[in-house]
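Taking it in order: structure first as structure tokens, then the write-up.
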Amino acid sequence: MIDQARSKAGAEEIAEQVVIGLVWTLCRSGESAGLAMTPQSYTRTLNWSGALAGQPLVELVDGIRSWEPFESAVAMAAINTLCQPDLARFEHVVELPQQAGNLAVFEHFLPRIKGARIVVVGRYPGLERYEQEYDLRVVERQPGPDNYPDTAAEELLPAADWVFLTASSIINKTFPRLAELSRLATLVLMGPSMPWLPELTDWGVDYLAGTQVRDADLLQRCVAEGGGRILFDEALQYVVADIGRPRMQAVREEISRMAGVRDRLKQGMEDWYSAGSRGRFPQLAGYEEVLAGLSALDTQYKWMWDARNPAGGRE
Numbered sequence: 310m311i312d313q314a315r316s317k318a319g320a321e322e323i324a325e326q327v328v329i330g331l332v333w334t335l336c337r338s339g340e341s342a343g344l345a346m347t348p349q350s351y352t353r354t355l356n357w358s359g360a361l362a363g364q365p366l367v368e369l370v371d372g373i374r375s376w377e378p379f380e381s382a383v384a385m386a387a388i389n390t391l392c393q394p395d396l397a398r399f400e401h402v403v404e405l406p407q408q409a410g411n412l413a414v415f416e417h418f419l420p421r422i423k424g425a426r427i428v429v430v431g432r433y434p435g436l437e438r439y440e441q442e443y444d445l446r447v448v449e450r451q452p453g454p455d456n457y458p459d460t461a462a463e464e465l466l467p468a469a470d471w472v473f474l475t476a477s478s479i480i481n482k483t484f485p486r487l488a489e490l491s492r493l494a495t496l497v498l499m500g501p502s503m504p505w506l507p508e509l510t511d512w513g514v515d516y517l518a519g520t521q522v523r524d525a526d527l528l529q530r531c532v533a534e535g536g537g538r539i540l541f542d543e544a545l546q547y548v549v550a551d552i553g554r555p556r557m558q559a560v561r562e563e564i565s566r567m568a569g570v571r572d573r574l575k576q577g578m579e580d581w582y583s584a585g586s587r588g589r590f591p592q593l594a595g596y597e598e599v600l601a602g603l604s605a606l607d608t609q610y611k612w613m614w615d616a617r618n619p620a621g622g623r624e
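Going by the numbering used here, the residue at position 103 of the sequence shown is 412; the numbering climbs one at a time, nothing skipped.
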């Protein structure tokens, strides 16, 4: 991610303004602005306050490696300043209605996730309206009533059909593990912290659900004044891009490969018993393992197909 952001940065691009608000952190350079979620922890020891504006963006992005949460958030905002949404790079893009905030993403996917096992990593205001009709579980670092603690992700994500993952997981360094746990699910990476990088498909991401800035000046005022959801009224708009089709093709090719292995093992087993062998087929365990793997891949491919073809999905 750092290399991809660096490749977009010119040596002359600097952070003209950095604002660390109560909810969001903002970085601006020229006509570009990037956001990241501000860490929900209190600190009085930021020794670089007053020194961020004027720094080259390419230097700020290195902070994404830092375990200091505010430094990492500033770096994420700098990365997003560089990785502006070039929607022409994406083949399948939908701009969502404004005013709905984060819920616009869920509203977009509702026809596709009916009947699915859904896990949302990160608590979004208003999400409870879907909990009666949908099989929905929420994982949160600071869980509220009816939420699951973040440690529950180890159990919930591998069993999910759909995972909606907050992009702030990149900032707090949980993204690699959460993406790995979600490898059998349709994975939506979402939020204003999300970098517009199609290369995220390499991590198993199927959909990017991020924002584009509609009014940078209004956005800065809202961030500086502690704004949260109000950003979505006029300053930001959600956009969904499908980046998972290459992954879908890879699953299809793996199904074809494993089907060939299954057929060879099946023929070997038939030959073994046809020859009068009384013992157990030596490769029976491998054969059963291939069958289980094929079943999991078939299920995964079905959900990937249904995600992109709602009319043929579960209702």
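Each residue gets a CB set at the ideal place from its N, CA and C atoms; glycine is no exception. Quick caveat, the model's predicted, so the values are computed rather than measured.
Query raised in the report: Roughly how many angstroms separate the alpha carbons of L366 and A568, rounded to a whole number?
Result: Along the sequence shown, one-based indexing puts residue 366 at 57. Along the sequence shown, one-based indexing puts residue 568 at 259. Approximately 49 Å, taken between the alpha carbons.
Query - For H417, the three-state DSSP class (helix, strand or coil) - result: The sequence position of residue 417 within the sequence shown is 108, counting from 1. Correct three-state label for H417: helix.
Report task. Identify the continuous beta strand (DSSP E) that holds D470 and give its terminal residues. Result -> The residue given as residue 470 occupies position 161 in the sequence shown. Per DSSP, D470 belongs to no beta strand (DSSP E) and is neither H nor E.
Query - Counted within 10 angstroms of its Cβ, other Cβ atoms place T334 as buried (16 or more) or exposed - result: On the sequence shown, position 25 is the one that residue 334 refers to. So T334 ends up on the buried side.
Query - V328 versus L509: straight-line alpha-carbon distance, rounded - result: Counting from 1 along the sequence shown, the entry for residue 328 is found at position 19. Counting from 1 along the sequence shown, the entry for residue 509 is found at position 200. Answer to the nearest angstrom: the Cα atoms are 27 Å apart.
Report task. Return the residue from the list D572, H417 and N456 that minimises the CA-CA distance to L405. Result -> Counted from its first residue, the sequence shown places residue 405 at position 96. Ranking the options by Cα distance to L405, first place goes to H417.
**Report entry** Where T604 falls, given that 16 or more other Cβ within 10 Å makes a residue buried
**Finding:** Along the sequence shown, read from residue 1 onward, the residue named residue 604 stands at position 295. In the sequence on display, residue 604 carries Ser and not Thr. Exposed.
Requested in this report: Taking P348 as the reference, give the member of E380, E368 and W357 with the closest Cα.
Outcome: By one-based count along the sequence shown, residue 348 stands at place 39. Nearest of E380, E368 and W357 to P348, Cα basis: E380.
Query raised in the report: Are R398 and P504 closer than 8 Å when you measure CB to CB?
Result: On the sequence shown, residue 398 is found 89 positions in, with the first residue counted as 1. On the sequence shown, residue 504 is found 195 positions in, with the first residue counted as 1. Not a contact, by the Cβ cut-off of 8 Å.
Query - C-alpha distance - D312 paired with C392, whole-angstrom precision - result: Indexing the sequence shown from 1 puts residue 312 at position 3. Indexing the sequence shown from 1 puts residue 392 at position 83. Their backbone Cα atoms lie some 12 Å apart in a straight line.
**Report entry** heavy atom of the ligand MG below 7 Å from V514 C-beta
**Finding:** Ligands displayed in this structure: none; no statement on the ligand MG is therefore possible.
Query - Straight-line Cα distance separating W614 from G513 - result: Walking along the sequence shown from the start, residue 513 turns up at place 204. Walking along the sequence shown from the start, residue 614 turns up at place 305. Rounded to the nearest angstrom, the two C-alpha atoms are 15 Å apart.
Report task. Report buried or exposed for V430, applying the criterion of at least 16 other Cβ atoms within 10 angstroms of its Cβ. Result -> Residue 430 sits at position 121 when you count from the first residue of the sequence shown. So V430 counts as buried.
Report task. Decide if the segment 469–486 is in contact with the segment 371–391; the criterion is three or more beta carbon pairs, one per stretch, under 8 Å apart. Result -> yes
Query raised in the report: Is there contact between the segment 539–554 and the segment 588–607, where contact requires at least three CB pairs shorter than 8 Å?
Result: no
Query raised in the report: With distances taken between CB atoms, is the gap from R421 to P555 smaller than 8 Å?
Result: Here residue 421 refers to the residue found at position 112 when the sequence shown is read from its first residue. Here residue 555 refers to the residue found at position 246 when the sequence shown is read from its first residue. Taking 8 Å as the Cβ cut-off, R421 and P555 do not qualify as a contacting pair.
Requested in this report: Could you round the C-beta distance between N300 and P378 to whole angstroms and report it? I think they count as a contact, below 8 Å.
Outcome: Residue 300 falls outside the range modelled here, since the chain spans only 310 to 624, and no answer is possible.
Query raised in the report: From which residue to which residue does the alpha helix (DSSP H) around A518 run?
Result: Sequence index remark: in the sequence shown, residue 518 carries index 209 (1-based). That residue, A518, is in no alpha helix (DSSP H); its beta strand (DSSP E) goes Y516 to V522.
Query raised in the report: Looking only at its own chain, which residues have a Cβ that is under 7 Å from the Cβ of E563, when we skip the five neighbours before and after it?
Result: As a working note, residue 563 is residue 254 in the sequence shown. Around E563: L606.
Requested in this report: Please classify V403: is it buried, with 16 or more other beta-carbons within 10 angstroms of its beta-carbon, or exposed?
Outcome: On the sequence shown, residue 403 is found 94 positions in, with the first residue counted as 1. Exposed, by the Cβ-count rule.
Query raised in the report: Taking C-beta to C-beta, are Y547 and A525 nearer than 8 Å?
Result: Counting from one through the sequence shown, the residue named residue 547 turns up at place 238. Counting from one through the sequence shown, the residue named residue 525 turns up at place 216. Not closer than 8 Å, so no.
Query raised in the report: Could you give the residue range of the alpha helix (DSSP H) that holds L436?
Result: Against the sequence shown, residue 436 aligns to sequence position 127. Here L436 belongs to no alpha helix (DSSP H), and DSSP marks it neither H nor E.
Query - Minimum C-alpha distance to V370 - residue among W357, A360, A386 and G359 - result: Along the sequence shown, read from residue 1 onward, the residue named residue 370 stands at position 61. Of the listed residues, the one whose Cα sits closest to V370 is A386.
Report task. Spatial neighbours of V428 within its chain, please: CB distance less than 7 Å, with the 5 preceding and 5 following residues excluded, ordered by chain position. Result -> Residue 428 sits at position 119 when you count from the first residue of the sequence shown. Cβ neighbours of V428 beyond the five flanking positions: R446, V448, L465, L466, A469 and V472.
Report task. Find the nearest neighbour of P454 within the set E437, Q441, D444 and E463, judged by alpha-carbon distance. Result -> Here residue 454 corresponds to residue number 145 of the sequence shown, with the count starting at 1. Residue E437 is the option with its Cα nearest to P454.
Requested in this report: May I ask you to report which of helix, strand or coil DSSP gives M499?
Outcome: Walking along the sequence shown from the start, residue 499 turns up at place 190. In this structure, M499 counts as strand in the three-state DSSP scheme.
Query raised in the report: Less than 8 Å separating the beta-carbons of A462 and D444?
Result: Translated into positions along the sequence shown, residue 462 becomes position 153. Translated into positions along the sequence shown, residue 444 becomes position 135. Contact flag unset, no.
Requested in this report: Report all residues from its chain with a CB closer than 8 Å to the CB of Y610; omit the five preceding and five following residues, and keep chain order.
Outcome: Stepping through the sequence shown from its first residue, residue 610 is reached at position 301. M557, V560, R561 and I564, listed in sequence order.
Query raised in the report: Is it right to say S338 is buried, meaning 16 or more other beta carbons lie within 10 angstroms of its own, or is it exposed?
Result: What you label residue 338 is simply residue 29 of the sequence shown in a count that begins at 1. Buried.
Query raised in the report: Looking at the structure shown, is S334 part of a helix, part of a strand, or coil, going by DSSP?
Result: One-based indexing of the sequence shown puts residue 334 at position 25. Note on residue identity: the sequence assigns Thr, not Ser, to residue 334. T334 falls in the strand class under three-state DSSP.
**Report entry** Enclosing beta strand (DSSP E) for S341 [first to last residue]
**Finding:** Translated into the one-based positions of the sequence shown, residue 341 becomes position 32. First-last of the beta strand (DSSP E) with S341: S341 to M346.
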